[in-house]
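Numbering (our numbering), first residue to last: -7 to 195. Working notes, beginning with the structure itself.
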């Protein structure tokens, strides 16, 4: 009788040991499934936030091959905006226009970070400098690092441009929104930047 009881106890213990891992494997499998589901939901949300060309059309005007934001500055206003060329609806020649007087360099503070933009005074095909009695402005082509500067500027909470005489201008939310929409539109039209390493922006 004792032998039978001992045998049953051994069998019972062995059965309990064999069944325990099954619960753990099942739980681990359930956790993995939930994790994949959450990742997929996040990816879908990111995709929805990318603006389409059609959703951006309403904010722009087109003059021949050139496209710019509707609220772009007139020649006698201070500010900054970007625009580009789009022959056959393919974007190229992204340009930045700065109208804060005839400075040779502009210092920007963007959410606590400092940038210096060295405006090009040359009258070459890629750069334009216009100096009048009541206004001056720069019109330079945008390179890769300049593009990253514009992205930081357009996504910033606080941004200022500081002139050499110590005066400063706060860059408005409207200006930043216009720059962001222009960059998004440029990308939506498959825009490409020049491959040259020459840049205007310095940190």
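For every residue, glycine included, the Cβ atom is placed at its ideal position computed from N, Cα and C.
Residue i and residue j closer than 8 Å at C-beta
| i | j | result |
| --- | --- | --- |
| residue 183 | residue 76 | yes |
| residue 181 | residue 45 | yes |
| residue 176 | residue 86 | no |
| residue 88 | residue 155 | no |
Integer Cβ distance of residue i from residue j, believed to fall under 8 Å
| i | j | result |
| --- | --- | --- |
| residue 83 | residue 178 | 5 Å |
| residue 102 | residue 173 | Between residue 173 and residue 102 the Cβ distance is about 18 Å, and since that is not below 8 Å, they are no contact. |
| residue 110 | residue 145 | The pair is not a contact, with the Cβ atoms about 16 Å apart (cut-off 8 Å). |
| residue 208 | residue 134 | Here the chain has residues from -7 to 195 only, and residue 208 is not among them. |
| residue 69 | residue 91 | 6 Å |
| residue 185 | residue 132 | In fact, because the Cβ distance is near 13 Å, the residues do not count as touching under 8 Å. |
| residue 79 | residue 105 | Contact doesn't hold; Cβ gap of about 36 Å is too wide. |
One or two residues paired with residue i in a DSSP bridge
| i | result |
| --- | --- |
| residue 54 | 59 |
| residue 141 | Partner(s): none; residue 141 has no beta bridge. |
| residue 160 | 154 |
| residue 183 | Note: residue 183 sits in no beta bridge, so no partner. |
| residue 167 | Partner(s): none; residue 167 has no beta bridge. |
| residue 97 | 110 |
| residue 73 | 89 |
| residue 84 | 77 |
| residue 105 | 102 |
Residue burial classification, residue i (beta-carbon count within 10 angstroms, cutoff 16)
| i | result |
| --- | --- |
| residue 150 | exposed |
| residue 158 | exposed |
| residue 97 | exposed |
| residue 138 | buried |
| residue 170 | buried |
| residue 71 | buried |
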